[in-house]
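K.L.:
Quick one: this structure, given as structure tokens, is what I'll be asking you about.
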Ligand code: SF4
């Protein structure tokens with residue numbers, strides 16, 4: 083086949099989100115994480131206590147992020163943190179915990195403070211699928227007429243047994259319904275999956291990604307299951323390691339290609355692995371950076387002469 087045949091109109095073998103992002107904006111746009119001090123219904127008792135078994139929000143929060151600082155201060159420190167990229171425009175990434183879990187009034191105040199910053203052109207909002215009201219969606223729909231507004235839903239698996247095991251506190255159906263409610267409002271929709279949860283096997287993980295790719299989502303982020311320090315999962319792993327299937331890196335690479343060739347070619351792929359800072363990770367220790375994995379992935383797709391959606395059945 084010739085490269086021009088790819089359904090997303092550029093030469094790469096998968097529909098990669100970073101390329102889309104570079105084409106969409108005339109200059110480099112950087113995401114700046116902030117911790118706005120939200121909690122989550124799986125921690126404060128309304129859905130559960132103790133959280134999802136793998137959850138450790140400290141493992142990905144950049145050093146300048148702290149709910150003790152205002153949103154504006156975190157944005158300014160984030161700009162300083164990324165200054166080597168000479169970026170002029172930023173998206174504020176409400177990442178830690180569930181960033182739509184508060185009153186509408188509080189949510190408006192926090193988002194508006196971010197959008198009032200002169201160099202901010204939009205928001206990326208991470209949350210749970212059971213944690214966003216129609217009133218918040220209406221508000222985001224309004225914002226999306228003037229700003230880039232993206233909501234990232236942590237779906238994690240389409241297999242309810244796996245979701246129960248990790249104490250997720252919601253099922254897959256809720257995710258499907260919420261994605262449907264978010265669609266057609268001008269809001270960019272991203273979803274997140276974890277590959278390797280107990281009760282998921284390779285077949286069901288592929289199925290998770292294929293099912294989600296049929297929904298009206300724009301981007302898919304996936305990463306390998308990682309056992310992190312200071313989590314309930316770390317204790318379970320110590321006591322019953324046989325419950326967990328942790329991929330070897332080369333095996334995971336091949337598995338990601340199996341997923342890519344089966345999912346909808348219209349869905350953009352944003353991430354395949356997770357990296358956490360030294361000290362947080364118990365297993366698996368691959369020691370590979372995201373860009374190195376992406377290079378390997380491109381070579382692997384080429385070696386298998388395959389591409390996104392080659393086996394997708396509409
Ligand atoms: S992973 Fe998200 S939903 Fe689960 S406990 Fe942590 S913050 Fe809450």
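Numbering (this note's numbering), first residue to last: 83 to 396. Cβ atoms here follow ideal geometry from the backbone N, Cα and C, with glycine treated the same way. None of the values given here were measured: they were computed from a predicted structure.
Can you tell me which of 385, 272, 335, 148 puts its alpha carbon nearest to the alpha carbon of residue 352?
P.N.:
When only C-alpha atoms are compared, the closest one is 272.
K.L.:
Return the chain-ordered ranges of every beta strand (DSSP E) run that is complete within the region 237–263 and spans a minimum of 3 residues.
P.N.:
Runs found: none.
K.L.:
Since residue 205 contacts residue 174 with CB under 8 Å, what's their CB separation in whole angstroms?
P.N.:
That pair is a contact at about 5 Å.
K.L.:
Along the chain, where does the beta strand (DSSP E) containing residue 115 start, and where does it finish?
P.N.:
Its beta strand (DSSP E) spans residues 111–116.
K.L.:
What's the gap between the Cα of residue 138 and the Cα of residue 93?
P.N.:
When rounded, the distance between both Cα atoms is 37 Å.
K.L.:
Just to confirm, does residue 137 get its C-beta within under 7 Å of one of the non-hydrogen atoms of the ligand SF4?
P.N.:
Indeed, a heavy atom of the ligand SF4 lies less than 7 Å from the Cβ.
K.L.:
Pull up the distance between the alpha-carbon of residue 295 and that of residue 346, whole angstroms please.
P.N.:
Those two C-alpha atoms are separated by around 5 Å.
K.L.:
Measuring straight from C-alpha to C-alpha, what distance separates residue 286 and residue 277?
P.N.:
Distance between the alpha carbons of residue 286 and residue 277 is about 10 Å.
K.L.:
State buried or exposed for residue 97, treating a residue as buried only when at least 16 other CB atoms are found within 10 Å of its CB.
P.N.:
By the 10 Å Cβ count, residue 97 comes out buried.
K.L.:
Just checking, does the region 141–157 make contact with the region 207–220 on the three C-beta pairs under 8 Å criterion?
P.N.:
Segments in contact, no.
K.L.:
Near residue 377, what residues of its chain come up, given a Cβ to Cβ distance below 7 Å and the 5 sequence neighbours on each side ignored?
P.N.:
Answer for residue 377: no residue qualifies.
K.L.:
Looking at the unbroken beta strand (DSSP E) that takes in residue 353, where does it start and where does it end?
P.N.:
Element bounds for residue 353: 350–353.
K.L.:
Express the C-alpha separation of residue 202 and residue 171 in angstroms, rounding to a whole number.
P.N.:
Going from the Cα of residue 171 to the Cα of residue 202 covers about 6 Å.
K.L.:
Taking one C-beta from the region 118–134 and one from the region 332–344 each time, how about it: are there three or more such pairs within less than 8 Å?
P.N.:
Output reads no: the region 332–344 does not touch the region 118–134.
K.L.:
Which of the three DSSP states is assigned to residue 195 in this structure?
P.N.:
Helix.
K.L.:
Buried or exposed, going by whether 16 or more other CB atoms sit within 10 Å of the CB of residue 186?
P.N.:
With fewer than 16 Cβ atoms within 10 Å of its Cβ, residue 186 is classed as exposed.
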